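Trainee: Sharing a structure below in structure tokens format, with a few things to ask.
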Amino acid sequence: MQHPVFVLVTTQPITELMLEATKHRLAAALDAVGAAVTVCRNVQQQSRANARMKSDCSPVTIADFASQAVVVWKLRRALGEVSLVAEEERAFISALGAEYLDSVTEAVREVWPDATTEAVVEAVAGGSATPGGSGFWTLDPVDGTKGFLRNQQYAIALAYIEHGRPTLAVLGCPNLSSDWEEDAATTIGHGIICFAVEGHGAFEVPAADPTAAPRRLYPELTRPAASGRVCASVERAHGNSSAFDAVMQQAGLPCQPLALDSQCKYAVVARGQAEAYLRVPSSPEYAELIWDHAAGCLIATEAGCRVTDLAGRPLDFGRGRRLRPNAGVLCATAEWHADLLRAVAAAGVSHDGRHGRLIGTEAPLR
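Residues 0 to 365, numbered by numbering that gives the first Met the number 0, are exactly what the sequence shown covers, in order.
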């Protein structure tokens, strides 16, 4: 079955002033992520994820490997050889055995009909580039694998990095509908694909109808300050939950976060369904991986939000696979960002994510 092909002519509002090379790169990225959405949905709907555990105790599935292979294959067909830094590794998939590799290849053939096991493994290996140079891609083929396994939110996150910052991003959110609130179970099959180019805004299209006219993303806030919503991971162990609660207390907000997996959180903030996304490191030594934030960061920024670390510094994607020396992430609407940074400081959360006693006895900041 062929996946829907993106026709870039439908994005005319953002392409008129764009360089031809950037238009070509965006079209390739949209087509690659669209194909990965098709593959991941098919694996999820047929309940054949076949999860395995990696050395860091995180799960990986057939969809992760198939998505990475398809994105690499699509980008190479459109752009030639590409420099790509991705999450999954050739050594791990090769060690899983012939039966597992056959299952990945079967999933890939949904959009790559003549794929062989050898070609799929080689495509997965295409994500092993070293970050740097004049520009490179970064990919999380299934961001939020636990959400994928729960039939909830996950994303295919692809971004192009230049001079330490993302300049092009495509974020496929297969289970995130345009009118999504909190119940992912009712939105499966009605997802979106968001995309952005630096200086040209952020947009979304329905995943099922990529040729539809794109809708521009920007927060339309109607909630009063006291009822503002802040996104966090479903897995509270992914961050420092006590520090998160302390920040919410200082900001005068409910400690119960709007919990969802993956970079879908950036999309939710970008279109005003939440005011912020806060991620406090689980330990002072932890640094975020670039593929976990690059696409979402640009989409939220181009929608008019601010994305920084807990010290208010821009995220630096030019220092390798991890965001060093950044610590933590705060994505918020322009109206909320400064106040939440003040709440971080007032809560005693240091710039490396450490959380000591609460500092000060001020009233809530909002």
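Don't be surprised by glycine CBs; every beta carbon is placed ideally from N, CA and C. Predicted, not measured: the structure shown is a model, and the values here were computed from it.
Quick check on the DSSP output: what are the complete beta strand (DSSP E) runs of length 3 or more inside the segment 267-331, in order along the chain?
Mentor: 275-278 and 304-307
Trainee: Cβ of V42 within 9 Å of Cβ of L138?
Mentor: no
Trainee: Ignore the nearest five residues each way along the sequence and tell me which others in R323's own chain have a CB closer than 8 Å to its CB.
Mentor: A286 and D315
Trainee: Quick check on the DSSP output: the beta strand (DSSP E) that includes V348 runs from which residue to which?
Mentor: Premise fails: V348 is in no beta strand (DSSP E) and is neither H nor E.
Trainee: As a quick exercise: from P256, G132 and L297, pick the residue whose alpha carbon is nearest that of V81.
Mentor: Between V81 and the set P256, G132 and L297, the nearest pair of CA atoms involves G132.
Trainee: I think W136 touches V84, with their Cβ atoms under 8 Å apart; what is that distance to the nearest whole Å?
Mentor: 7 Å
Trainee: Determine whether the beta carbon atoms of P256 and C296 lie at a separation below 9 Å.
Mentor: no
Trainee: Got a sec, what are the start and stop residues for the alpha helix (DSSP H) L148 sits in?
Mentor: For L148, the uninterrupted alpha helix (DSSP H) run begins and ends at T144 to L148, by DSSP.
Trainee: Which residue wins for smallest C-alpha separation from A68, given the options R47, C56, V120 and V59?
Mentor: V120
Trainee: Determine the DSSP secondary structure at L170, reduced to helix, strand or coil.
Mentor: strand
Trainee: So, are the CB atoms of V36 and G190 less than 9 Å apart?
Mentor: yes
Trainee: Specify, as a first and last residue, the run of the alpha helix (DSSP H) that A128 falls within.
Mentor: Note, A128: premise wrong, no alpha helix (DSSP H); not H, not E.
Trainee: Would you decide whether L18 is buried or exposed? Buried here means 16 or more other CB atoms lie within 10 Å of its CB.
Mentor: By the 10 Å Cβ count, L18 comes out exposed.
Trainee: Checking 9 Å against the spacing of the C-beta atoms, do L339 and A273 come in under that value?
Mentor: no
Trainee: For E105, does the three-state DSSP call read helix, strand or coil?
Mentor: Shown here, E105 sits in a helix according to DSSP, grouped into three states.
Trainee: Are the CB atoms of F194 and L25 nearer to each other than 9 Å?
Mentor: yes
Trainee: List the residues that DSSP assigns as beta-bridge partners of A201.
Mentor: When DSSP reads this structure, A201 sits in a beta bridge with A195.
Trainee: Look at the alpha carbon of I92 and the alpha carbon of P209, and state the distance between them as a whole number of angstroms.
Mentor: 31 Å
Trainee: Let's see if you can read the secondary structure: which residues bound the alpha helix (DSSP H) around V71?
Mentor: I61 to L78
Trainee: Following the continuous alpha helix (DSSP H) through E19, name the residue where it begins and the one where it ends.
Mentor: E19 to Q44
Trainee: Buried or exposed: which applies to G171, given that a residue is buried once 16 or more other Cβ atoms fall within 10 Å of its Cβ?
Mentor: buried
Trainee: Would you report the Cα separation of A31 and W111, rounded to the nearest angstrom?
Mentor: 11 Å
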